[in-house]
Amino acid sequence: GAGVSQSPSNKVTEKGKDVELRCDPISGHTALYWYRQRLGQGLEFLIYFQGNSAPDKSGLPSDRFSAERTGESVSTLTIQRTQQEDSAVYLCASSFRTGTHEQYFGPGTRLTVT
Amino acid sequence: QQQVKQSPQSLIVQKGGIPIINCAYENTAFDYFPWYQQFPGKGPALLIAIRPDVSEKKEGRFTISFNKSAKQFSLHIMDSQPGDSATYFCAASMDGGTSYGKLTFGQGTILTVHP
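Residue numbers (the numbering used here), protein chains in the order written: chain A, 226 to 339; chain B, 98 to 212.
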């Protein structure tokens, strides 16, 4: 079956603009994670969704970042008033259920803020 | 206490060599330690994972060694091939509680295997 897909693959935006990044998880995967990968760095956890439970937003770096998920399907990560330090690859991962089970990553969205 | 420290940052070996990448953690509540492989332009893919109840796990040419008392674990790649050239990340997570399996990643190691 299809893996995790993300769109767009690349996004260039001007400082101060809002951007929306999309993630389509693997069908049937109830858990969904967003991570950020800065150039040459490891991945940083941003937010986690599990079914209809309240999301874990503990990794969001500021209130300019928000995310939504519709049921157990698509998720969108929104960054408002983008700053240059937001430039990074944003990765989405899904897993069959919570806990320490394999997370399948999408190819990421490369965001460049000019 | 949530950090995972990875070394070296980069590694160059000849084909057939055995690169070793090391990771150390502080949080003793971590109970799942995966290694991810990432090629340029792609998302990370799970390579192999271990839990602290075993000291070694082998899958094909990839082996994880785990030292619970030292809070360290390492990845060994036997008979390395040019196709193994990629960035490798160690990670750690804990089941249950409020962490929901979210992964804490090391900084990554860029491995180059020369033909």
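Where a beta carbon is used, it is the ideal one built from N, C-alpha and C, also for glycine.
Chain A has no Cβ within less than 7 angstroms of the Cβ of B:Gly157. Check the Cα spacing between B:Trp132 and each of B:Val101, B:Pro212 and B:Asp150: the tightest is with B:Val101. Taking all protein chains in view, the Cβ of B:Ile115 is surrounded by fewer than 16 other Cβ atoms within 10 Å, so the residue is classified as exposed. Sorting A:Asp249, A:Arg335, A:Gly331 and A:Pro280 by C-alpha distance to the C-alpha of B:Pro141 places A:Gly331 at the top. For the C-beta of A:Pro233, not a single chain B residue is nearer than 7 angstroms; the gap to the nearest is close to 14 angstroms.
When secondary structure is reduced to three states using DSSP, A:Pro332 falls in the coil class, being assigned neither helix nor strand. In this structure, B:Thr209 lies near B:Ile109, with their beta-carbon atoms less than 7 angstroms apart. At a cut-off of 7 angstroms, the C-beta of A:Tyr315 has no neighbouring C-beta in chain B. With a threshold of 7 angstroms between beta carbons, A:Phe270 makes contact with chain B. According to the DSSP assignment, B:Ile147 belongs to the beta strand (DSSP E) that extends over Ala142 to Ile147. Between B:Ser177 and B:Phe163 the beta-carbon gap is near 21 angstroms, outside 8 angstroms, which marks them as no contact. Note that the C-beta distance between B:Gln106 and B:Gly203 is not below 7 angstroms.
The beta-carbon of A:Gly331 is placed less than 7 angstroms from the nearest beta-carbon of chain B. Residues of the same chain with a CB within less than 7 angstroms of the CB of B:Asp192, apart from the 5 flanking positions on each side, are Asp128, Tyr129 and Gly198 in chain order. Assignment of beta-bridge partners to A:Glu293 by DSSP yields A:Thr301. Residue contact with chain B for A:Glu297: absent (no Cβ-Cβ distance below 7 angstroms to any residue of chain B). DSSP places A:Ala256 in the uninterrupted beta strand (DSSP E) bounded by Ala256 to Gln262.
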